[in-house]
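Peer 1: I'd like to ask some things about the structure below.
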Amino acid sequence: MVFFTKRYGFSGIFLKFDSDVLLTPGFEQFVELLGDEIKKEKKRSGMKKLRLILSISSNWVKYVYRRMPKFDAYFDAFYLWADEISSNSEFPIPSVAVPVDPLHNSELVPLKDSLARNAEHLAGSGVPRKKIVIGLSTWARSYFIRKNEELKTPEVESLVYSNDDSGQTDGTLGYHEVCHLLNSKNKHQQLHYDNRSETTSLIIEDQWYSFNEPEHAAFIHKLDWISNHEFGGIGLFSIQGDDPLNNCTRGLLPLHRTVGDRFKCRRGTKRGNLEQLGECTRLCFLDLEESRNSFAFEQLQPGWCSHMILGQASVNPYVYSGPSKGMNLALKLYNDWERERKPFLYVLELIEFERINRNKYRIVQTWKI
């Protein structure tokens, strides 16, 4: 893993596990081995040390936050995101419709889904605030719902599937697929704004949507809250979920543009091409593996992204392998991008463990980078 990361010119690794793995001894063993290998590689090469970011689902923080301070020495940032939703079955269909990226709990949002509460839990456990990066989404949640007047939150019946080329199959839609639902003259008035949770949603007949609307008070308040509470930065997942082709006719990548224009740095930090995570971090994500569309890096204005996280290549621990077709394309586009100060490049690794016995685990699937 370390060899391939350095070979293809990445500055760091963004690690994502199934959430329950974070509670296992296998996770601790893996992190220690990876940390040791990174130190050895730095000593061998004399080059800068690889940086590590750990992804944590927001509603799993209550289970794992007490363990996280022991990993502070290994990770340069902890990425908190709110995309994992509870369901009543093995299928990824939630029982109720919870809005995207709730900052606080409300009548519409359970306490366990609050980004603010879970970020404070993590900080209160001893993880430095400057290492906590809050992840927001460019993707919409979209469901067919049952009408039940007794419930505050709509009951979900099924998913609304994308007809787009984004490669999504889980009922999430890109912002460019839902922006047309809003009338351009009074788009903010059409949205239901829950000012307690700082979320926006929209119901059209039997279809329910929730998404971050650029320049809406709900989105701006989230950006301000992250800055005002001295957290390390923000992440926006992903470029494909925004509007990279200007289908909404509101300019290219309106959500990324809003972050670039409105997100304020922590006190004592400033924007610039600083390698240290926590120095006004703005993570951007790009995955061309499932998408049929390419991407022009020239669309990204200076200041929008401090770090670019690419997915995905296949690295098998037992046989030689390298970047997939989508990763190779993303790397070529990035390397051909003519800009003096580019965002630092990270790889996204999805890792699955299998338990062998009480104290032993192994990686059972191809490592996704």
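What the sequence shown shows, in UniProt numbering, is residues 1 to 369, in sequence order.
From the three backbone atoms N, C-alpha and C, an ideal C-beta is built for every residue, glycine too.
#1: Opposite V156 in the DSSP bridges: which residues?
#2: According to DSSP, K16 sits in a beta bridge with which residue or residues?
#3: Just to confirm, is the Cβ distance from I56 to D76 under 9 Å?
#4: Just confirm the distance between the C-beta atoms of I38 and V347, as a whole number of angstroms; I'd bet it's less than 8 Å.
#5: Could you check whether W60 and D20 sit closer than 9 Å to each other, using their CB atoms as the reference points?
#6: How would you label R67, buried or exposed, when you count the other beta carbons within 10 angstroms and need 16 or more for buried?
#7: Do you know whose CA, among R267, P323, E157, N105, lies nearest A97's CA?
#8: Under DSSP, the beta strand (DSSP E) around L283 begins and ends at which residues?
#9: What residue range is occupied by the uninterrupted beta strand (DSSP E) comprising H192?
#10: For the pair the segment 128-144 and the segment 237-256, tell me if three or more CB-CB distances fall below 8 Å.
#11: Considering only residues of the same chain and omitting the five flanking positions on each side of E230, which have a CB-CB separation below 6 Å?
#12: Compare the C-alpha of F211 against each of Y193, L33, E205 and name the closest.
#13: According to DSSP, is F91 helix, strand or coil?
#14: Could you check the C-alpha separation between G219 and V259 for me, to the nearest Å?
#15: Going straight from the alpha carbon of V33 to that of E340, what length do you get?
#16: Is DSSP giving Q29 helix, strand or coil here?
Peer 2: Taking the structure as given:
#1: I145
#2: L350
#3: no
#4: 13 Å between Cβ atoms; not a contact.
#5: yes
#6: exposed
#7: E157
#8: 281-287
#9: 192-194
#10: yes
#11: R129, R266
#12: Y193
#13: Below a pLDDT of 50, predicted positions are generally treated as unreliable, and F91, at 49, falls in that range; the measurement from the model is reported next regardless. Coil, per DSSP.
#14: What sits at residue 219 in the sequence shown is Phe, not Gly. Roughly 9 Å between the two C-alpha positions.
#15: In the sequence as presented, Val is not what sits at residue 33; that position holds Leu. Taking the straight line joining both Cα atoms gives about 35 Å.
#16: helix
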